[in-house]
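Working notes, structure below.
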Amino acid sequence: MSTAILSALTEEQSSLVEHLAHPQRVMHAGRAFWLGELHDQRVVLALSGIGKVAAATTATALIEHFGVARIVFTGVAGGLGDGVNVGDVVVAQDYVQHDMDASPLFPRWELPGYARSRLACDPVLTAMLLEAVSHCVSGASGPWGLKTATGAAHVVHQGLVASGDRFVSTAHESRHLRTALCSAGHDVLAVEMEGAAVAQVCHDYGLPFAAVRTISDRADDEAHGDFAEFVQTVASRYAEQIMLSFVKLLQKT
Ligand code: ADE
8 MSTAILSALT EEQSSLVEHL AHPQRVMHAG RAFWLGELHD QRVVLALSGI
58 GKVAAATTAT ALIEHFGVAR IVFTGVAGGL GDGVNVGDVV VAQDYVQHDM
108 DASPLFPRWE LPGYARSRLA CDPVLTAMLL EAVSHCVSGA SGPWGLKTAT
158 GAAHVVHQGL VASGDRFVST AHESRHLRTA LCSAGHDVLA VEMEGAAVAQ
208 VCHDYGLPFA AVRTISDRAD DEAHGDFAEF VQTVASRYAE QIMLSFVKLL
258 QKT
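Counting in the working numbering, the sequence shown runs without a single skipped number right up to 260 at its last residue.
Structural data, given as structure tokens:
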């Protein structure tokens, strides 16, 4: 059984494709899937597409057509929580869809039919991701030479991530999002556009899922400014190092 590594962006995927042994490119559902091996582990690399529906289609194809045993997501996110800064890494503990609102039929943010608002990531895979991230943070050869503006090292966080079909790009919106979710007990660290959809598909199929996101922006008025450059120069290297380290850990299980 193989492991799916989903990336949100081509830059993140292409660095991993270069490491694939016996690479094979397969088209399905209008998407390219890369089959091969990383550290002797069978993997399928795929792009999620942007937004919840695209990501759900990709996840379903990975499960139904490629028969993967688990899905791991790597991508970027906007930092919402206090102290979640550009260059930090967030490992998701659970997911909420911030744009889910079937009120007054169901409580705000509740997933109709699931009797809950949050879907948890798999604890075993998540622990492995955290370990992989920590290897990269402490590894001298990793991409982690980066320092914050104050010279401090970047931080690894674990907690709740919110997904929705919006690129959050004003301080007003991110403040509103965070305060509203927090008032219902959802203390969100970061926001992105796909993870919760993949978590829901994996929940439906009973497949383990985990996700790691590098913080590319603070979901504020400057969110889109250096986005492309950040993805090209920083996030793609993070994804490469973390996933290679993760697959090595998988090899030992
Ligand atoms: N992914 C990265 N930054 C984001 C933002 N500000 N909003 C939504 N998704 C993102």
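Using N, Cα and C, we set each Cβ at its ideal position, and we do this for glycine too.
Unbroken beta strand (DSSP E) stretches of 3 residues or longer found wholly inside the stretch 176-200: 195-199, given in chain order. By a beta-carbon distance limit of 8 angstroms, G166 contacts L196. Their separation comes to about 4 angstroms.
In the DSSP secondary-structure assignment, I222 is bridged to A84. Residue state for D211 is assigned as helix, using DSSP reduced to three classes. In the assembly as shown, E25 is an exposed residue. Its beta-carbon has fewer than 16 other beta-carbons within 10 Å. Under DSSP, no beta-bridge partner is assigned to R173. Relative to the ligand ADE, the beta carbon of M200 is positioned inside 7 angstroms of a heavy atom. No residue range can be given for E25, since it is assigned to no alpha helix (DSSP H) and is classified by DSSP as neither H nor E. As the crow flies, the alpha-carbon of P30 is around 26 angstroms from that of E201. With fewer than 16 other Cβ atoms inside 10 Å of its own Cβ, T260 counts as exposed.
In the three-state reduction of the DSSP assignment, A122 falls in the coil class, being assigned neither a helical nor a strand state. Relative to the non-hydrogen atoms of the ligand ADE, the Cβ of F174 comes within a distance shorter than 7 angstroms of at least one. Considered as a whole, the stretch 26-82 harbours 28-35, 38-45 and 48-54 as its complete beta strand (DSSP E) runs of no fewer than 3 residues, in chain order. In the three-state reduction of the DSSP assignment, G94 falls in the coil class, being assigned neither a helical nor a strand state. Separation of A230 and S190 (C-alpha to C-alpha, rounded to the nearest whole angstrom) is 24 angstroms.
Closer than 7 angstroms to some heavy atom of the ligand ADE: that describes the Cβ of S223.
Around the beta carbon of H179, fewer than 16 other beta carbons lie within 10 angstroms, which makes this residue exposed. By the neighbour-count criterion, in which a residue is buried when 16 or more other Cβ atoms sit within 10 angstroms of its Cβ, G213 is exposed.
For G85, the CB falls within less than 7 angstroms of some heavy atom of the ligand ADE. Contact annotation: L54 and R38 have beta-carbon atoms nearer than 8 angstroms.
Per DSSP, A11 lies in no alpha helix (DSSP H) segment; the continuous beta strand (DSSP E) that holds it begins and ends at T10 to S14.
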